[in-house]
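Same order as they appear, the protein sequences are chains A and B. Numbering of the first sequence is given in our numbering, commencing with residue 5 and proceeding in unit increments. Numbering of the second sequence is given in our numbering, commencing with residue 5 and proceeding in unit increments. For every residue, glycine included, the Cβ atom is placed at its ideal position computed from N, Cα and C. Note that the structure is predicted; figures quoted are calculated from it, not measured.
2 protein chains.
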Amino acid sequence: MENKQIKNEAITPREVDFAQWYTDICKKAELMDYSSVKGFIIYRPYGYAIWEEIQHYLDKKFKETGHQNVYMPSVIPTSLFQREKDHISGFAPECLICTKGGQEDLDDPLIIRPTSEVLFCEHYAKVISSYRDLPMLYNQWCSVVRWEKTTRPFLRGAEFLWQEGHTMHESEEEARTETLRMLDIYDNLGKEILAIPFTKGRKTDKEKFAGALETYSIEALMPDGKALQSGTTHYFGDGFAGAFGIKYQGRDGKLYSPHQTSWGVSTRLIGAIIMVHGDDNGLVLPPFVAPIQVVVVPVAQNKPGVIPAAREIAKKIQDAGIRVKLDESDRSAGWKFSEYEMKGIPLRVEIGPRDIEKGVVTIAKRHDGTKEVVNNDDVVERIKLLFESIHKEMYDKALRYLLDHVTEVHNMDELNAALEKGGYAKMMWCGDQACEDKIKELTNATARCLPFNQTPFDDVCPVCGKKASKVVLFAKAY
Amino acid sequence: MENKQIKNEAITPREVDFAQWYTDICKKAELMDYSSVKGFIIYRPYGYAIWEEIQHYLDKKFKETGHQNVYMPSVIPTSLFQREKDHISGFAPECLICTKGGQEDLDDPLIIRPTSEVLFCEHYAKVISSYRDLPMLYNQWCSVVRWEKTTRPFLRGAEFLWQEGHTMHESEEEARTETLRMLDIYDNLGKEILAIPFTKGRKTDKEKFAGALETYSIEALMPDGKALQSGTTHYFGDGFAGAFGIKYQGRDGKLYSPHQTSWGVSTRLIGAIIMVHGDDNGLVLPPFVAPIQVVVVPVAQNKPGVIPAAREIAKKIQDAGIRVKLDESDRSAGWKFSEYEMKGIPLRVEIGPRDIEKGVVTIAKRHDGTKEVVNNDDVVERIKLLFESIHKEMYDKALRYLLDHVTEVHNMDELNAALEKGGYAKMMWCGDQACEDKIKELTNATARCLPFNQTPFDDVCPVCGKKASKVVLFAKAY
Numbered sequence: 005m006e007n008k009q010i011k012n013e014a015i016t017p018r019e020v021d022f023a024q025w026y027t028d029i030c031k032k033a034e035l036m037d038y039s040s041v042k043g044f045i046i047y048r049p050y051g052y053a054i055w056e057e058i059q060h061y062l063d064k065k066f067k068e069t070g071h072q073n074v075y076m077p078s079v080i081p082t083s084l085f086q087r088e089k090d091h092i093s094g095f096a097p098e099c100l101i102c103t104k105g106g107q108e109d110l111d112d113p114l115i116i117r118p119t120s121e122v123l124f125c126e127h128y129a130k131v132i133s134s135y136r137d138l139p140m141l142y143n144q145w146c147s148v149v150r151w152e153k154t155t156r157p158f159l160r161g162a163e164f165l166w167q168e169g170h171t172m173h174e175s176e177e178e179a180r181t182e183t184l185r186m187l188d189i190y191d192n193l194g195k196e197i198l199a200i201p202f203t204k205g206r207k208t209d210k211e212k213f214a215g216a217l218e219t220y221s222i223e224a225l226m227p228d229g230k231a232l233q234s235g236t237t238h239y240f241g242d243g244f245a246g247a248f249g250i251k252y253q254g255r256d257g258k259l260y261s262p263h264q265t266s267w268g269v270s271t272r273l274i275g276a277i278i279m280v281h282g283d284d285n286g287l288v289l290p291p292f293v294a295p296i297q298v299v300v301v302p303v304a305q306n307k308p309g310v311i312p313a314a315r316e317i318a319k320k321i322q323d324a325g326i327r328v329k330l331d332e333s334d335r336s337a338g339w340k341f342s343e344y345e346m347k348g349i350p351l352r353v354e355i356g357p358r359d360i361e362k363g364v365v366t367i368a369k370r371h372d373g374t375k376e377v378v379n380n381d382d383v384v385e386r387i388k389l390l391f392e393s394i395h396k397e398m399y400d401k402a403l404r405y406l407l408d409h410v411t412e413v414h415n416m417d418e419l420n421a422a423l424e425k426g427g428y429a430k431m432m433w434c435g436d437q438a439c440e441d442k443i444k445e446l447t448n449a450t451a452r453c454l455p456f457n458q459t460p461f462d463d464v465c466p467v468c469g470k471k472a473s474k475v476v477l478f479a480k481a482y
Numbered sequence: 005m006e007n008k009q010i011k012n013e014a015i016t017p018r019e020v021d022f023a024q025w026y027t028d029i030c031k032k033a034e035l036m037d038y039s040s041v042k043g044f045i046i047y048r049p050y051g052y053a054i055w056e057e058i059q060h061y062l063d064k065k066f067k068e069t070g071h072q073n074v075y076m077p078s079v080i081p082t083s084l085f086q087r088e089k090d091h092i093s094g095f096a097p098e099c100l101i102c103t104k105g106g107q108e109d110l111d112d113p114l115i116i117r118p119t120s121e122v123l124f125c126e127h128y129a130k131v132i133s134s135y136r137d138l139p140m141l142y143n144q145w146c147s148v149v150r151w152e153k154t155t156r157p158f159l160r161g162a163e164f165l166w167q168e169g170h171t172m173h174e175s176e177e178e179a180r181t182e183t184l185r186m187l188d189i190y191d192n193l194g195k196e197i198l199a200i201p202f203t204k205g206r207k208t209d210k211e212k213f214a215g216a217l218e219t220y221s222i223e224a225l226m227p228d229g230k231a232l233q234s235g236t237t238h239y240f241g242d243g244f245a246g247a248f249g250i251k252y253q254g255r256d257g258k259l260y261s262p263h264q265t266s267w268g269v270s271t272r273l274i275g276a277i278i279m280v281h282g283d284d285n286g287l288v289l290p291p292f293v294a295p296i297q298v299v300v301v302p303v304a305q306n307k308p309g310v311i312p313a314a315r316e317i318a319k320k321i322q323d324a325g326i327r328v329k330l331d332e333s334d335r336s337a338g339w340k341f342s343e344y345e346m347k348g349i350p351l352r353v354e355i356g357p358r359d360i361e362k363g364v365v366t367i368a369k370r371h372d373g374t375k376e377v378v379n380n381d382d383v384v385e386r387i388k389l390l391f392e393s394i395h396k397e398m399y400d401k402a403l404r405y406l407l408d409h410v411t412e413v414h415n416m417d418e419l420n421a422a423l424e425k426g427g428y429a430k431m432m433w434c435g436d437q438a439c440e441d442k443i444k445e446l447t448n449a450t451a452r453c454l455p456f457n458q459t460p461f462d463d464v465c466p467v468c469g470k471k472a473s474k475v476v477l478f479a480k481a482y
């Protein structure tokens with residue numbers, strides 16, 4: 005059964021203005037609102053609830069892999085932040101700084117944390133003394149502040165919510181394994197609940213995190229052809245450990261520096277969900293991350309028996325552990341249909357007098373607009389199956405788009421054409437930063453990553469013509 | 005079976021120095037550490053995990069009562085904060101203020117939120133327009149900053165973690181009901197998981213929240229005789245709504261101001277748990293808030309079969325949904341006993357070669373130091389029963405202490421004697437703030453609350469001798 009969805013006039017079509025479409029959804033699906041401070045957004049209940057689902061998934065995975073949550077101060081003394089030189093030079097331009105406390109000037113102004121490496125390191129120096137204390141596997145859920153000039157809801161904020169893992173290890177190998185293990189957890193988040201295929205890879209030296217030896221990322225491809233860095237994990241070696249005097253006594257009684265990692269994802273993921281899955285009628289949420297998975301809408305609800313039947317079906321769905329909302333407000337069914345389409349609720353269960361007579365309900369699927377009639381007794385089982393199939397269809401659709409937008413390029417013309425088309429230009433690279441800089445200068449695209457699949461398909465760098473053995477993905481990015 | 009616990013020498017006895025005993029536990033049970041910024045503590049994994057248990061309990065109750073989580077900016081423009089006059093004058097002395105962003109001076113300096121009423125109100129003015137939008141029931145989990153001069157871990161911090169609920173209602177009655185409903189949820193938190201009996205009551209005008217019409221609190225009594233304000237709920241009337249221009253169209257088409265509440269508890273509750281239940285061997289955690297409810301300690305673990313048996317029993321306990329830790333490290337059993345006593349883990353399960361032979365384990369209870377032998381097959385069931393009885397015993401013990409420390413006083417001598425003894429001096433009060441001020445001046449005690457049980461027991465105010473009809477509890481307080 006097909007159901008041609010009615011265009012929601014409140015949203016700018018993607019074809020007309022993709023950026024405006026995005027902002028319209030953020031606002032009209034009530035995910036966020038602006039505050040009076042630029043770049044500091046209000047996470048409204050519906051947007052925050054998506055973050056809670058992500059938190060719920062990740063927090064469980066973090067704990068299963070032995071990590072513990074902590075909370076560090078939200079401010080960093082300037083003197084402390086300056087202790088690791090690469091790190092401070094990377095973050096200094098975007099620091100928000102407190103200079104007054106209780107109406108007195110502060111001797112050592114406090115920076116609102118843009119990231120917490122130095123705070124963790126200061127603590128680690130106090131609590132790590134023996135190999136018995138390692139590994140130390142900490143994570144923190146918090147907000148961070150980066151005083152950005154150009155901000156967009158969820159994608160780039162002066163303040164955003166995230167988690168930051170910070171771990172210390174006895175051996176380099178163990179720390180490197182951790183860096184990749186956490187990247188896999190992020191990748192699985194995409195596969196299992198966001199329905200987003202990520203591309204995993206290593207960052208070039210130019211693009212890596214300030215102070216890290218190596219940065220890995222998951223990148224997602226947006227429908228406008230731009231990449232979105234969606235999560236990163238970093239291997240630090242013992243650089244911070246040295247700067248902060250963190251030493252442990254090894255199994256042989258000698259002193260060593262531990263090996264460090266950090267890793268994080270943020271509310272930027274909400275932006276990825278909006279762009280990857282949304283359509284011109286609004287948000288489309290994958291079922292396993294949707295705060296409301298099913299909405300029950302009574303039709304002709306003033307007719308006797310409709311509301312009780314709707315309540316009964318909603319209760320049955322809720323009792324099965326499904327996140328369900330029953331809307332028995334006095335708005336019209338048409339208003340409700342449009343509202344919950346805008347909000348991207350995966351399934352709508354409609355129940356009216358004729359359905360009740362027949363002992364059925366109608367289930368409408370948000371992601372493809374189709375409907376089906378289901379016997380009352382089969383509703384819960386059918387919904388669970390639909391969640392699986394909808395998730396898979398949404399993931400596969402995004403994966404097809406991704407695969408259609410990875411173009412192997414062998415020269416600068418092909419590179420330009422690939423970037424013009426949108427998506428990744430996959431090229432061989434000599435490894436010289438000058439070539440990377442030149443591409444950015446000419447095209448505004450950046451090296452997104454050296455993907456884990458490094459099968460060469462050519463042997464020269466299209467920029468300088470020298471021998472090239474590295475596979476790299478370039479794209480314009482958020 | 006009695007087990008005289010060995011004194012843990014790392015902790016100052018309460019009799020010697022109660023304040024030092026408290027700090028020792030905070031540090032040595034690894035609940036927190038100091039950072040380099042005064043009053044900004046590090047919530048270490050074990051301390052943070054207690055907060056997570058509290059969050060888990062409350063978040064569920066908040067959602068069951070229709071509240072939704074949001075996240076507001078962590079900063080407030082000075083101009084915005086000044087809009088409600090009582091409010092700003094209450095908080096101005098303890099504000100931490102950002103004056104520089106990205107190396108430029110800010111025109112309108114940003115205050116790190118000490119509380120978020122004004123942020124919620126600014127948002128409410130945009131999203132509330134009709135009675136259909138009400139009630140608006142929001143909550144936020146976050147940290148707040150108050151630039152305090154005298155700080156103590158958990159009890160008074162320059163930064164602390166809390167939740168702040170902010171709600172808007174159509175009628176005064178509904179808002180007042182909300183204020184009391186949330187107070188009951190806090191009270192139940194004490195009854196159900198903290199094992200702390202709170203005293204509920206209304207604050208005097210002198211002690212109420214800056215900008216509120218009425219403040220209610222839950223007060224807990226500490227073993228040093230001082231009261232600890234452990235949570236508050238506020239009824240604001242429409243004062244903020246007026247200052248922020250929040251109006252809604254009522255059912256009759258006319259414009260009205262909504263009625264507002266806010267309410268919060270913080271990580272201060274961890275301080276209450278430490279003091280109410282702790283002893284000279286360390287922390288004593290009530291079972292339902294303990295991050296680790298049971299620790300399994302193998303005895304003579306090098307003997308064959310001990311570790312496998314310990315793992316089996318730990319798995320059985322874990323599979324029953326109980327939070328269990330198995331310590332099979334190479335530390336001595338004695339070290340482990342002392343360590344987990346310090347950390348206040350409610351139950352220790354010991355298993356050694358002789359236990360294995362007999363098919364039993366020994367269960368030691370932290371709160372009273374007794375032990376019992378239990379058949380392997382009965383362990384899970386017995387643990388569950390013990391949780392119930394331990395919780396009840398801990399609650400009852402705290403309640404007896406509380407009841408023993410409420411002294412009815414009829415004159416100033418009795419008031420002084422009651423405060424000297426410690427606990428609450430329960431007195432009749434004329435309602436005049438001058439009398440309240442005088443008691444504070446003479447005794448340093450403050451009016452903790454007008455308890456909900458207002459049965460008069462006298463008819464004159466002991467300070468001024470005038471007619472008195474209000475029952476009030478005075479105490480020294482944290």
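With 8 Å set as the bound, which would you pick, yes or no: does the beta-carbon of residue i sit closer than that to a beta-carbon of chain E?
{"i": "residue 262 of chain A", "result": "The structure shown has no chain E; the protein chains it does contain are A and B."}
Can you give the Cα-Cα distance for residue i and residue j, rounded to whole angstroms?
{"i": "residue 260 of chain B", "j": "residue 248 of chain B", "result": "13 Å"}
{"i": "residue 170 of chain A", "j": "residue 265 of chain A", "result": "6 Å"}
{"i": "residue 21 of chain B", "j": "residue 228 of chain B", "result": "10 Å"}
{"i": "residue 307 of chain A", "j": "residue 357 of chain A", "result": "7 Å"}
{"i": "residue 270 of chain A", "j": "residue 167 of chain A", "result": "7 Å"}
{"i": "residue 208 of chain B", "j": "residue 451 of chain B", "result": "7 Å"}
{"i": "residue 433 of chain B", "j": "residue 465 of chain B", "result": "5 Å"}
Where does the unbroken alpha helix (DSSP H) through residue i begin, and where does it stop?
{"i": "residue 323 of chain A", "result": "310-323"}
{"i": "residue 95 of chain A", "result": "89-95"}
{"i": "residue 428 of chain B", "result": "Run containing residue 428 of chain B: none in the alpha helix (DSSP H); it sits in the beta strand (DSSP E), 428-433."}
{"i": "residue 223 of chain A", "result": "Taken as a continuous stretch (DSSP letters only), residue 223 of chain A belongs to no alpha helix (DSSP H), being part of the beta strand (DSSP E) at 218-225."}
Where does residue i sit, in a helix, a strand or coil, going by DSSP?
{"i": "residue 177 of chain A", "result": "helix"}
{"i": "residue 484 of chain B", "result": "For residue 484 of chain B there is no data in the structure shown, the boundaries of chain B being 5 and 482."}
{"i": "residue 306 of chain B", "result": "coil"}
{"i": "residue 6 of chain B", "result": "Because the pLDDT of residue 6 of chain B is 41, which lies under 50, any placement of that residue in the model is unreliable, and the number read from its coordinates should be weighed accordingly. In this structure, residue 6 of chain B counts as strand in the three-state DSSP scheme."}
{"i": "residue 25 of chain B", "result": "helix"}
{"i": "residue 189 of chain B", "result": "helix"}
{"i": "residue 240 of chain B", "result": "strand"}
{"i": "residue 275 of chain B", "result": "helix"}
{"i": "residue 292 of chain B", "result": "coil"}
{"i": "residue 461 of chain B", "result": "coil"}
{"i": "residue 402 of chain B", "result": "helix"}
Verify the contact flag: residue i, CB atom, against every heavy atom of the ligand COA, threshold strictly below 7 Å.
{"i": "residue 421 of chain B", "result": "As far as ligands go, the structure on display features none, and thus does not contain the ligand COA."}
State the CB to CB distance for the pair residue i and residue j, rounded to an integer number of angstroms; the pair is presumed to be in contact (CB under 8 Å).
{"i": "residue 275 of chain B", "j": "residue 155 of chain B", "result": "At roughly 12 Å, the Cβ-Cβ gap does not stay under 8 Å, so residue 275 of chain B and residue 155 of chain B are not in contact."}
{"i": "residue 263 of chain B", "j": "residue 127 of chain B", "result": "Not a contact, Cβ separation roughly 17 Å."}
Could you spell out where the beta strand (DSSP E) holding residue i opens and where it closes?
{"i": "residue 36 of chain B", "result": "36-38"}
{"i": "residue 369 of chain B", "result": "364-369"}
{"i": "residue 353 of chain B", "result": "351-355"}
{"i": "residue 45 of chain A", "result": "45-47"}
{"i": "residue 379 of chain A", "result": "375-379"}
field: Stretch-stretch touch, CB-based, cutoff 8 Å, three pairs: the stretch 297-308 of chain B with the stretch 324-334 of chain B
entry: Touching, per the Cβ criterion.
message: Does the contact criterion of 3 or more C-beta pairs under 8 Å hold for the stretch 440-453 of chain B versus the stretch 411-423 of chain B?
response: These segments touch.
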